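Taking it in order: structure first as structure tokens, then the write-up.
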Amino acid sequence: MTGAPTVIDAERGAHTAGAALRVVVVNGSPSQKSKTMGLVEVVLDALRTMLPVEASQVDVYRLGQGFTGATERDDVTPEIEGMLRLAENADLLIAATPVYRGSYPGMFKHFFDLIDQYALANKLVLLAATGGGDHHALVLEHALRPLFAFFQALTVPVAIFASAGDFDGVTLLNPRVHGRIEMALADVTDLLKARATGAQAPADAGTGDGTSPSSDHKSRGPAARKQYDAA
Amino acid sequence: MAFEIGIMTFGEVTEDPTTGRPPSPRQRVRETIEQAKIADEAGLDVFGVGEHHRSDFVGSAPAILLAAAAEATERIRLTSSVTVLGSEDPVRVWEQFATIDLLSSGRAEIIAGRGSYTESFPLFGYDLQDYADLFREKLDLLLRIREQNPLTWSGRFRAPLVDADIAPRADGDTIPIWVGVGGSAASAISTGRLGLPMAMALLLGPLTFHEQTIELYRAAAQKAGHEADALPVSINTHGYVGRTSRQARDVMYPYFAKGMAENNHQRGRGLRLPRAAFDAQASPGSGLLVGSSQEIIDKLLAYHELYGINRAIIQTGFGGMPQKEHLEAIERLGTEVAPVVRLEVAARQREAA
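Heads up: the sequence lines are chains A and B, in that order.
Each residue of the first sequence is one higher than the one before, starting from 31 at the first, in the numbering used here.
Each residue of the second sequence is one higher than the one before, starting from 7 at the first, in the numbering used here.
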């Protein structure tokens, strides 16, 4: 259990120009290896083909007592405060969760209960969920979207859902879901670029010739593994 | 590819609703072999036995039943339907089916499946958390065993093989290995990528239930460089061939409804299929293969047209149908249905060529 979010990567794609999009994934799955993060990985891969991305991840089930013991924002430990601020300051927030008992898990909601009421106003939020079957797909529109409507967030119009049957283990195989992700991101390409506030990608990033380290696209270098300093 | 028609059974030990008594397991294994014999004599192409590890089935060891069936038959192909590969040792599976292949002069086949029941996993010490990884790894090993001998291989779930001699080998060149697919997109895609024949299971629902399955399968196969249209595909569904349309439904219904109630639980209770719902499943647009010989011919041709399948395996007698009625359906399927469907499919293929 740690209070620090994992920096998923700080890699640049094929884009030498422009600021990196600072993406924060709030992950509602309790599993170490999950379909929910399997789905998010595909979203992040798609994003990386569009612009430079700096992604980090908050696993709500791994935040510990400093989080679960807090009923108000003032109660949280400095570590958790850092996590909440990270989410509040993201360029793009990905709210990703499995469906539990017909909705998002309580632990996931607890994280957003601690988020400042106006911190997500006009914030780009992509909704993603996984469920045991297609019956759960409306969780996106009936549970997740109203939550972010409360925050007056700018939710991406197309939300992403995948069923257990779309995965082999945690690897997403169904091309229809891939297509849906492409569509969701294509709708907001300009917005994503306009809102990217991360560090400018150095011109010699990757292979040094200005092209993408394509085969190395998802590699996790030592720098990328380091824990984000939440304090 | 000639169109193949067969039957399969789970060897249910279900009480007969008309007498209230279950058959003895001894009676049931003998009946299972007799079904294979009659299917063979009637000219059917395939006989399958499913794997279930519970007291209400005698099919926990399909390979042994198929070995007995090999001795009682001449021409019919003998397949598991399915082998729950995730909880098996692929080395043992290969040894057993290669032995059946020798006993039967090259008639053994395997349908590898993930399994719709999960009893076998704790029984053999496997964690259901690994369900997907187990199947992927074990299928990989089974295919490698088929491909080469001796074999060096290592994986997560069993001891590595170092220059291992795995015998016997197949009677002929190979043993067909199919993959059973229930309808999830991911299974269809991973089967297509491997370029393996696909056995599509359809329990209840419209004839068109597997449209996405077949589309994703062929697209994945094509993308992986396999000749997608040449891959064998089968439909496996419940059915009964009767004297007439009405008689077929009347005979099948009470047993099927009973079998469904005992094996298809919702909230821990059996689902009793109402007669009207059963009749709807038997209509031309639905998948169930129940009816007169002519109805079954029409529906098999509809399946062929829709999916381009070249094999149909009908699960006959589900729910503990008495042997007499069961054997009558097998005979009709072999003598009245199969010859017409084979000719008609061949004629259509000539027209298309």
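We put the beta carbon where it would ideally sit given N, CA and C, even for glycine.
Computed from a predicted model, the values in this text were never measured in an experiment.
Counted within 10 angstroms of its Cβ, other Cβ atoms place residue i as buried (16 or more) or exposed
| i | result |
| --- | --- |
| A:T227 | exposed |
| A:F180 | exposed |
| B:L129 | exposed |
| A:D239 | Residue confidence for A:D239 is low, a pLDDT of 38 falling below 50, so the modelled location carries little weight and cannot support an answer. |
| B:I11 | buried |
| A:M213 | exposed |
| B:A352 | exposed |
| B:A360 | Not covered by the structure: residue 360 of chain B. The range shown for chain B is 7 to 359. |
| B:D217 | Note that residue 217 of chain B corresponds to Glu in the displayed sequence, not to Asp. Exposed. |
| A:A233 | Here A:A233 scores only 49 on pLDDT, less than 50, and its place in the model is too uncertain to base an answer on. |
| A:D89 | buried |
| B:D107 | buried |
| B:L134 | exposed |
| B:P68 | buried |
| B:N269 | buried |
| A:A235 | Note that A:A235 has pLDDT 42, beneath the 50 cutoff, so the model's placement of it is unreliable and no number is given. |
| B:G291 | exposed |
| A:T98 | exposed |
Close Cβ partners of residue i (< 6 Å) along its chain, the five nearest in sequence each way excluded
| i | result |
| --- | --- |
| A:R52 | E84, A120, D121 and G228 |
| B:P28 | V19 and E21 |
| B:S302 | Residue 302 of chain B is actually Ile in this sequence, not Ser. Cβ neighbours of B:I302 beyond the five flanking positions: V247, L295 and V343. |
| A:A100 | V106 |
| A:R131 | none |
| B:F284 | Y259 |
| A:P135 | G58 |
| B:Q47 | As written in the sequence, residue 47 of chain B is Glu, which differs from the Gln given in the question. Around B:E47: no qualifying Cβ. |
| B:Q228 | A234 |
| B:P280 | none |
| B:S66 | H59 |
CA nearest to the CA of residue i, picked from the options
| i | options | result |
| --- | --- | --- |
| A:I124 | A:L215, A:V55 and A:G199 | A:V55 |
| A:A216 | A:A167, A:R78 and A:K65 | A:R78 |
| B:K43 | B:G56, B:S61 and B:R83 | B:R83 |
| B:T24 | B:T341, B:Y259, B:V168 and B:I106 | B:Y259 |
| B:W159 | B:E153, B:L167 and B:R152 | B:L167 |
| B:E331 | B:A254, B:L306 and B:Q228 | B:A254 |
| B:R162 | B:D95, B:L108 and B:S292 | B:D95 |
| A:H165 | A:G195, A:D75, A:A151 and A:M137 | A:G195 |
| A:A159 | A:V73, A:T36 and A:A50 | A:V73 |
| B:V164 | B:L148, B:Q300 and B:E153 | Note that residue 164 of chain B is Arg in the sequence shown here, rather than Val. The residue with the shortest Cα to Cα distance from B:R164 is B:L148. |
| B:D256 | B:A288, B:R275 and B:N269 | B:A288 |
| B:L97 | B:E334, B:R150 and B:A358 | Sequence inspection shows Val at residue 97 of chain B; the Leu mentioned does not correspond to that position. Per the Cα distances, B:R150. |
| B:R152 | B:A114, B:D133 and B:R32 | B:A114 |
| A:Q87 | A:G163, A:I38, A:L184 and A:E109 | A:I38 |
| B:A173 | B:Y309, B:L277 and B:E101 | B:E101 |
| B:G26 | B:Y261, B:R275, B:L306 and B:A358 | B:Y261 |
| B:A118 | B:F103, B:Y223 and B:F215 | B:F103 |
Rounded distance between the beta-carbons of residue j and residue i, thought under 8 Å
| i | j | result |
| --- | --- | --- |
| A:F141 | A:G161 | No, A:F141 and A:G161 are not in contact; Cβ-Cβ is about 20 Å, not under 8 Å. |
| B:L312 | B:L213 | 6 Å |
| B:S87 | B:M7 | So it is not a contact: roughly 19 Å between Cβ atoms. |
| A:T127 | A:S193 | That pair is no contact at about 14 Å. |
| B:G17 | B:F63 | 5 Å |
| B:T89 | B:E57 | 6 Å |
| B:F9 | B:R348 | 5 Å |
| B:D169 | B:P156 | 5 Å |
| A:L157 | A:V218 | About 12 Å; that fails the 8 Å criterion. |
| A:V186 | A:S133 | At roughly 20 Å, the Cβ-Cβ gap does not stay under 8 Å, so A:V186 and A:S133 are not in contact. |
| B:I336 | B:A45 | 5 Å |
Other residues of its chain near residue i: CB distance less than 7 Å, five sequence neighbours each side excluded
| i | result |
| --- | --- |
| B:T219 | V187, G189, A194 and M206 |
| A:F197 | K65, G68 and L203 |
| B:D388 | No answer is possible for residue 388 of chain B: it lies beyond the span of chain B, which begins at 7 and ends at 359. |
| A:K63 | V200 |
| A:I211 | V72, V73, A76 and I190 |
| B:S299 | V247, R338, E342 and V343 |
| B:F215 | G189, L208 and G293 |
Same chain, Cβ closer than 8 Å to residue i, neighbours up to 5 away in sequence not counted
| i | result |
| --- | --- |
| B:P203 | P182, I183, W184, V185, L237, P238, V239 and S240 |
| A:E102 | L144 |
| A:G48 | L81, P82, K223, A226, Q230 and A231 |
| B:S251 | G297, S298 and E301 |
| A:N152 | Q182, A183 and L184 |
Proximity test, Cβ basis, 7 Å: residue i and chain D
| i | result |
| --- | --- |
| A:G132 | Any reference to chain D falls outside this structure, whose protein chains are A and B. |
*Touch check for the stretch 171-179 of chain B and the stretch 195-204 of chain B: three-plus C-beta pairs under 8 Å?*
Output reads no: the stretch 195-204 of chain B does not touch the stretch 171-179 of chain B.
*asked:* Across the stretch 318-325 of chain B and the stretch 235-248 of chain B, are there enough close Cβ pairs to call them in contact, namely three or more that are closer than 8 Å?
replied: Verdict: yes, contact present.
*asked:* Closer than 8 Å is the cut-off here; do at least three beta carbon pairs connect the stretch 245-257 of chain B with the stretch 28-42 of chain B?
replied: Result no; under three Cβ-Cβ pairs closer than 8 Å.
*Decide if the stretch 101-119 of chain A is in contact with the stretch 174-189 of chain A; the criterion is three or more beta carbon pairs, one per stretch, under 8 Å apart.*
Because the criterion of three Cβ pairs below 8 Å is not met, the stretch 101-119 of chain A and the stretch 174-189 of chain A do not touch.
*Do the stretch 324-334 of chain B and the stretch 251-270 of chain B meet, that is, are 3 or more Cβ pairs less than 8 Å apart?*
With a cut-off of 8 Å, the stretch 251-270 of chain B and the stretch 324-334 of chain B count as touching, because enough Cβ pairs lie within range.
*asked:* Any contact between the stretch 64-84 of chain B and the stretch 140-148 of chain B? By contact I mean 3 or more CB pairs, one from each, below 8 Å.
replied: Taking a contact to require three or more Cβ pairs closer than 8 Å, the stretch 64-84 of chain B and the stretch 140-148 of chain B do not qualify as touching.
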